[in-house]
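Its first residue numbered 0, the sequence shown is counted upward by one per residue in numbering that gives the first Met the number 0.
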Amino acid sequence: MALNQHTDTPFPLTSLIIRQARKSDLPELEWDGEYWKFRRMFAELYRNSLFGQTLLWLVLTPDNALIGQAFVMLRSGEPDAADGSTRAYVFSFRVKEGWRNRGIGSHLMQFIEDDLRKRGF
């Protein structure tokens, strides 16, 4: 169970929404200006996701508030990092401060590991 940041009401982690980022989500990845300097990188990673090179996973509350994210590189120019078949690279893994220590990061990592297994990694 996690607690709702605003009401401290418990809700199951399974009520969280984990989905891939959409183009309209890109401004949200800046986390209210904290990561504005990565704006171009987020756009490039999104473009790469359209070609199956990266996955941009978002964690949202049932009311669609972004509370976490993780990016997965599936293929890279550095095969030691991500070779497209046996090795992927997880990065930009974060959970918003008010939501930490509630199992959300572990839930997201388990989701990513399960997804990679389904993809044959």
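Every residue, glycine too, gets a C-beta built ideally from N, C-alpha and C.
All figures in this text were calculated on a predicted structure; none of them were measured in a lab.
| Item | Value |
| --- | --- |
| Cβ-heavy atom distance, N63 to the ligand SAM, below 7 Å | Of ligands this structure carries none, so the ligand SAM is not represented either. |
| Endpoints, alpha helix (DSSP H) assigned at S14 | From DSSP, S14 is part of no alpha helix (DSSP H); its letter is neither H nor E. |
| Buried versus exposed, by CB contacts within 10 Å (16 or more), M40 | exposed |
| Within 8 Å, strictly: CB atoms of W56 and A69 | yes |
| Residue span of the beta strand (DSSP E) that contains F120, given as start and end | No beta strand (DSSP E) holds F120; DSSP gives it neither H nor E. |
| Sub-8 Å separation of I111 and V58 beta-carbons | no |
| Nearest-angstrom beta carbon gap, L107 and I17 [assumed within contact, 8 Å] | 6 Å |
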